[in-house]
Amino acid sequence: MDSLIMSARDLDFLLYEWLDVTGLTERERYREHSRETFDQVLALSRDLAEKYFAPHNRRGDLHEPTFDGEKVHIIPEVATALSAFAEAGFVGAAMDERVGGMQLPHTVFTACMAWFYAANVATASYALLTIGNANLLAAHADPDQLDRFVRPMLTGRYFGTMALSEPQAGSSLADITTKAVPQDDGTYRLFGRKMWISGGDHDLSENIVHLVLARIPGSDAGTRGISLFIVPKYLPAEDGSLGERNDVVLAGINHKMGWRGTVNTAPVFGDGAFTPGGAPGAVGYLVGEPNRGLTYMFHMMNEARLGVGLAATALGYTGFLKALDYARNRPQGRPVTAKGGASAQVPIAQHPDVRRMLLAQKAYAEGALGLQLYCGTLIDRQRSAVDAAEAQRVALLLRVLTPIAKSWPSQWCLAANDLAIQVHGGAGYTRDYDVEQHYRDNRLNPIHEGTHGIQSLDLLGRAVVADGGAALTLLLDTMGETVDRARATGDGELGDFADALAAAAGRIATTTATVWRDADPEAALANSSAYLEAFGHVVLAWIWLEQAVAAARGSEDFHRGKRAAARYFFHWELPRTAPLFDLLDAMDRTTTDLDDAWL
């Protein structure tokens, strides 16, 4: 039976017909796996998502977490779902066997997580944060910290957070003021306030492991003076049991327009509400070396950016499936060729404009899912690389694609949710249907883990110009390989798509050179958001050409649908990039010359 959460058929196509993930089992890291184990874990993901996550998605939205001044209250279904998730081994599914993980390919794990995000993104986000926290510590913590904090996360006993932003600093991490005072026993005492910390307090697990950015007194100003600390809610005893309550409390919780089931908090470290060891200050344990905290935190931040992109994709995808189901079953109106009112009403899916909206959603959601899984293959190839050259090559591609993988779905799968509401008509903006909640949930993702503006500055200001433009050159060469394969099929339409992609990729190259020709960052970055949007659409055209080439080998209606979505993207979406590139080439200064007094 088809699911309205996620498409198992599409995941099979993307994983096996396009990306050939079974080929990863030839690499040493994944040699213990097979198509059979992949299918089993995907089926388990669907089962858990449908049984434990989806049923309380609406209830979690209507009954968001509350805070009584001492304790956060969350509906019990959340804990039940997360317990099932952890017991199935999903927290450590893609982690190394050495720390207790399953060493599942990240590509397959991404497909698994798509089910959970689509079913209930608010509940799944507790898992997202815990997995990212555990992965960071597995990479940078010492063996004792690994045993004390990571292993309990893999079993679901501990959950994790990332505590970066502060009320006065927001995304400007150079301006954080939380301080970490060294102690004689090698620990630190933290004092400060954080803001917008998802999962910052709850009773869903025995303990909460906060990863906190703070400054050691005497460190440099700016980002170079930031260190990273483990700050647990409860201090673990030597035998692994829970000890004293740490000096971490909440000033309150934030109430959001969507994603309401995830408690979002304003924690305070070291206000004296608790005095572990008889002294105020939250006990923290330094991760790695002092003043390298932001470098370490980018391990989790970049993972979270891909996670946000996948969450946005999943919300757009489930909205599309529900809009498609509604359109096929909602009779209304008659064909424009019908005379009078004698003919029977037809399902609205038969009306061309409704089909346009459905096809746009399909192009956005399935294209974004393809991009997420492709990024998963890059992570797998990096982790299992046979030499440093291969690892560096895929790391470069992932570096330049990460801002797109985060921001493009956050913009265009949100647009898909908007269209899903439109397909439902008046029913779409009522609470009787899920699509209005999906839109509200997805509206947070253009802000989560760095806004579009921040991602655009990262893309144009760093990723495409670093190392003489090595990452951009590699991406354009990779697109060129796809163009060559599409032309080699002898399929005229695929050849036309290939020509259009080659021309658009050429515009990326020339426009990048144009905006940086004077080496003036203010001028180059003034319209970076337009660059991000144009760049992203070209990347998605490439992903769609890849899918179209793979689909050309099949003959099912499913494959014809892939071809139709690719056709839509090349006819309707890729042409959007030309005016954006023209604007960028003109080095327009409307925004830089604007005085805010004129607004």
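Residues in the sequence shown are numbered consecutively from 1, following full-length UniProt numbering. Beta carbons are placed, not taken as given, at the ideal position from N, Cα and C, and that holds for glycine.
Close-in-space but distant-in-sequence residues of the same chain around residue i (CB under 6 Å, 5 per side omitted)
i, result
"residue 101", "92 and 95"
"residue 290", "216 and 227"
"residue 134", "150 and 153"
"residue 132", "300, 303 and 304"
"residue 17", "550"
"residue 84", "48 and 52"
Integer-rounded CB distance, given that residue j should sit under 8 Å from residue i
i, j, result
"residue 136", "residue 211", "7 Å"
"residue 282", "residue 189", "7 Å"
"residue 114", "residue 369", "7 Å"
"residue 549", "residue 485", "6 Å"
"residue 532", "residue 455", "6 Å"
"residue 173", "residue 294", "6 Å"
Residues of its chain near residue i, where Cβ-Cβ distance is below 7 Å and the 5 sequence neighbours each way are ignored
i, result
"residue 375", "306, 398, 401 and 405"
"residue 417", "315, 316, 319, 435, 438, 439 and 442"
"residue 9", "558"
"residue 536", "404, 407 and 408"
"residue 499", "none"
"residue 526", "589, 591 and 592"
"residue 530", "580, 583 and 584"
"residue 334", "343, 345 and 346"
"residue 423", "323, 326, 327, 354, 357 and 358"
Residue j beta carbon less than 8 Å from that of residue i
i, j, result
"residue 120", "residue 311", "no"
"residue 108", "residue 38", "yes"
"residue 267", "residue 200", "yes"
"residue 367", "residue 544", "yes"
"residue 378", "residue 394", "yes"
"residue 232", "residue 249", "no"
"residue 67", "residue 272", "no"
"residue 564", "residue 491", "no"
"residue 35", "residue 384", "no"
"residue 428", "residue 420", "yes"
"residue 176", "residue 129", "no"
"residue 570", "residue 497", "yes"
"residue 56", "residue 75", "yes"
"residue 192", "residue 179", "yes"
"residue 81", "residue 155", "no"
"residue 42", "residue 62", "no"
"residue 584", "residue 471", "no"
"residue 459", "residue 479", "no"
8 Å Cβ shell around residue i - same chain, five flanking residues per side excluded
i, result
"residue 451", "171"
"residue 146", "99, 137 and 138"
"residue 219", "225, 226, 227, 290 and 291"
"residue 4", "318, 321, 322 and 325"
Buried versus exposed call for residue i [16 or more other C-beta atoms within 10 Å across all chains shown]
i, result
"residue 345", "exposed"
"residue 387", "exposed"
"residue 116", "buried"
"residue 247", "buried"
"residue 392", "exposed"
"residue 195", "buried"
"residue 512", "buried"
"residue 264", "buried"
"residue 412", "buried"
"residue 430", "exposed"
"residue 448", "buried"
"residue 590", "exposed"
"residue 40", "exposed"
"residue 562", "buried"
"residue 59", "exposed"
Of the residues the options, the one placed nearest residue i, counting alpha carbons only
i, options, result
"residue 363", "541, 490, 250 and 403", "541"
"residue 593", "418, 328, 380 and 523", "523"
"residue 30", "458, 571, 554 and 380", "380"
"residue 110", "98, 127 and 99", "127"
"residue 359", "509, 347 and 572", "572"
"residue 587", "47, 283 and 528", "528"
"residue 297", "270, 275, 141 and 2", "141"
"residue 277", "294, 236 and 287", "236"
"residue 123", "104, 189 and 49", "49"
"residue 182", "261, 157, 17 and 285", "285"
"residue 79", "125, 46, 45 and 40", "125"
"residue 261", "480, 473 and 72", "72"
"residue 538", "14, 562, 507 and 519", "507"
"residue 327", "351, 202, 526 and 143", "351"
"residue 255", "65, 33 and 476", "65"
"residue 474", "185, 390, 148 and 343", "390"
"residue 514", "465, 482 and 495", "465"
"residue 239", "574, 566, 144 and 546", "144"
Near the ligand MN: residue i beta-carbon under 7 Å from a heavy atom
i, result
"residue 210", "This structure lacks the ligand MN, and indeed carries no ligand of any kind."
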